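> Count the sequence shown with my numbering and you get residues 1070 to 1346, in order.
Glycine residues also receive a C-beta, built at the ideal position from the N, C-alpha and C atoms.
Since the model is a prediction, treat every value here as computed from it, not as a measurement.
Here you go, one structure.
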Amino acid sequence: MSRRHRQKAAMSLFAFQDVITAVTGILLILVLVLAVEVSQRVTARPSEAAEVSGTDWQTLQDRLARARIQLQVVRFEIDQWNVMFGNLASTSPAACRQMITTAERQNQQLREKLHQLQQQVQAEREQLDQLEARQQQMGDTGAAQRAAVELERLKKETAELRRRWRELKSSDRTVYTMPRGFRKDGWLAVVSDWQIQAAPLGRAARPRRFRVGEFLRFLTAPQRRGSVYVFLLVRPDGINTFDALEQALRDRGIAYGYDAIGPTQEVLDRETGAGVL
C-alpha cells in the first residue's frame, strides 16, 4: 500500500518553474537591451544619416525592422512558456519530461537567436563606425578643398596687390595722406572744369564724381558736419570752379587746403582712389 501511495504522489514543479522563469526573464532583458541599443545607434545620428546614401540607410532600416520582428517572436514564445508552466501542476510526469525537452530545445534556439542578434548588433555597430569614418573623411576632404580655394583667392589678391604696387612705383602719382593724429574725415578732391572727382584720404576706395552743388551737399551731410577736411587739387581749367567752391567752403565752416596740379597729372587711382593699395 505504501509503495502504491508513493507512486501516486503529485510531482512538485515550483522550483523548476522559478529557474526557467528567471532564465527567460534574463534572455528577454538581453534581447530588449540589444534592440534598444540598435534603435538608439540608428536614430542618434540625424545629421550623419543625412550624409548616408539611400541604399545604406534603407539597409539599416530593414535590419532594424527584422530585429524588432525577432523580438516580438521571442516575446510570443515566452508567453507560450508561461501558459505551459501554468499547466504543469496538472500534467503527468511523462508529459512534463516532454515539455522539459521541448523547453530545452526552445531555450537552445533562443540562445542561437540571441547570438545572431549579438552578431547583428556588432555588424550594425561596425557599419555605423565605417559610415562615421567615411563622413569624417569626406568632411576632411571638404575642408581641404575649401582651404585650397581660399589659398587660391589669397594668391590672386597678392598678385593684384603686387601689380598695383608696381604700377604705383612706375607712375609719377603723388600719394596724399592725413597727418598722424588728425581726427577729421579727410577727402582729396581734384577740381577741373565744373567737375570734382573726390576720394577719401587714408583708405582705398573708388573715386566719386560730383558737381559743385552735389559735393557741398555731400560734405555738409549730418553725419559729416564739423568733421570733414578737404584738400583741393586744382587743374588749370578748374580755376573758376575752385573760386566758387572755396567761398562755399568758407561760408559753411569746412576746413580745407589746396594746391595746383598739371592738366594730365594722375592723382586718384581708378580702383583705390587716394589710397596706396
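Taking all protein chains shown into account, do 16 or more other C-beta atoms lie within 10 angstroms of the C-beta of residue 1306, making it buried, or fewer, making it exposed?
On the sequence shown, position 237 is the one that residue 1306 refers to. Label assigned to residue 1306: exposed.
> Which residue marks the beginning of the alpha helix (DSSP H) containing residue 1265, and which one marks its end?
Here residue 1265 refers to the residue found at position 196 of the sequence shown. Taken as a continuous stretch (DSSP letters only), residue 1265 belongs to no alpha helix (DSSP H), being part of the beta strand (DSSP E) at 1264–1269.
> If contacts are defined as beta-carbon pairs under 8 Å, then residue 1268 and residue 1343 qualify, I think. What distance do you get, rounded to the angstrom?
One-based indexing of the sequence shown puts residue 1268 at position 199. One-based indexing of the sequence shown puts residue 1343 at position 274. Yes, residue 1268 and residue 1343 are in contact; Cβ-Cβ is about 4 Å, under 8 Å.
> Short check: CB of residue 1258 to CB of residue 1265, under 8 Å?
Along the sequence shown, one-based indexing puts residue 1258 at 189. Along the sequence shown, one-based indexing puts residue 1265 at 196. Yes, the pair counts as a contact, with Cβ atoms nearer than the cut-off.
> I believe residue 1190 touches residue 1099 by the beta-carbon criterion, under 8 Å. Please report the beta-carbon distance rounded to the nearest angstrom.
The residue you call residue 1190 lines up with position 121 of the sequence shown. The residue you call residue 1099 lines up with position 30 of the sequence shown. Not confirmed; about 11 Å, so no contact.
> Alpha carbon to alpha carbon, how far is residue 1201 from residue 1195?
Taking the first residue of the sequence shown as 1, we reach residue 1201 at position 132. Taking the first residue of the sequence shown as 1, we reach residue 1195 at position 126. Approximately 10 Å between the Cα atoms of the pair.
> Go ahead and label residue 1229 buried or exposed: buried means 16 or more other beta carbons lie within 10 angstroms of its beta carbon, across all protein chains shown.
Taking the first residue of the sequence shown as position 1, residue 1229 is located at position 160. Classification of residue 1229: exposed, given that the 10 Å Cβ count is below 16.
> Thinking just about the alpha-carbon of each residue, which of 1214, 1184, 1263, 1144 is nearest to the one in residue 1097?
As a position in the sequence shown, residue 1097 is number 28, starting the count at 1. Residue 1144 is the option with its Cα nearest to residue 1097.
> Could you please give me the residues that DSSP links to residue 1257 through a beta bridge?
The count along the sequence shown starts at 1 and reaches residue 1257 at position 188. Per DSSP, 1268, 1300.
> From this set, 1314, 1188, 1133, which residue's C-alpha is nearest residue 1286's C-alpha?
Numbered from 1 along the sequence shown, position 217 holds the residue referred to as residue 1286. Taking only the C-alpha atoms, the option nearest residue 1286 is 1314.
> Which word fits residue 1290, buried or exposed, when buried means at least 16 other C-beta atoms lie within 10 angstroms of its C-beta?
Position 221 of the sequence shown holds residue 1290. When all chains shown are included, residue 1290 counts as exposed.
> In this structure, does DSSP put residue 1338 in helix, strand or coil?
Residue numbering aside, residue 1338 sits at position 269 when the sequence shown is read from its first letter. The answer is strand: DSSP assigns residue 1338 an E or B state.
> Grab me the residues of residue 1311's own chain with a C-beta within less than 8 Å of its C-beta, minus the 5 sequence neighbours each way, in chain order.
Position 242 of the sequence shown, counted from the first residue, corresponds to residue 1311. Correct list, in chain order: 1260, 1301, 1303, 1327.
> Quick one: what's residue 1328 bridged to in DSSP?
By 1-based counting over the sequence shown, the position of residue 1328 is 259. Answer is 1302, bridged to residue 1328.
> Is residue 1301 near the ligand ATP, judged by its Cβ being under 7 Å from some heavy atom?
This structure does not include the ligand ATP; it has no bound ligands of any sort.
> For the candidate residues 1205, 1296, 1252, 1271, whose alpha-carbon lies nearest to that of residue 1337?
On the sequence shown, residue 1337 is found 268 positions in, with the first residue counted as 1. Selected option, being the one with the closest Cα: 1271.
> Looking only at DSSP bridge pairs, what is residue 1279 linked to?
Reading the sequence shown from its first residue, position 210 is the one you call residue 1279. Residue 1279 is bridged to 1265.
> According to DSSP, simplified to helix, strand and coil, what is residue 1273?
As a position in the sequence shown, residue 1273 is number 204, starting the count at 1. Note: residue 1273 maps to coil in three-state DSSP.
> Buried or exposed for residue 1193, going by 16 or more other Cβ atoms inside 10 Å?
Position 124 of the sequence shown, counted from the first residue, corresponds to residue 1193. So residue 1193 counts as buried.
> Roughly how many angstroms separate the alpha carbons of residue 1322 and residue 1226, rounded to a whole number?
Within the sequence shown, the letter at position 253 stands for residue 1322. Within the sequence shown, the letter at position 157 stands for residue 1226. Straight-line Cα distance between these residues: approximately 41 Å.
> Using C-beta distances below 7 Å, list every residue in its chain close to residue 1293, excluding the 5 sequence neighbours before and after it, in chain order.
Position 224 of the sequence shown, counted from the start, is the residue given in the question as residue 1293. Result list for residue 1293: 1254, in chain order.
> DSSP state of residue 1093, grouped into three classes?
On the sequence shown, residue 1093 is found 24 positions in, with the first residue counted as 1. The answer is helix: DSSP assigns residue 1093 an H, G or I state.
> Would you report the Cα separation of residue 1308 and residue 1288, rounded to the nearest angstrom?
Taking the first residue of the sequence shown as 1, we reach residue 1308 at position 239. Taking the first residue of the sequence shown as 1, we reach residue 1288 at position 219. Between residue 1308 and residue 1288, the C-alpha separation is close to 20 Å.
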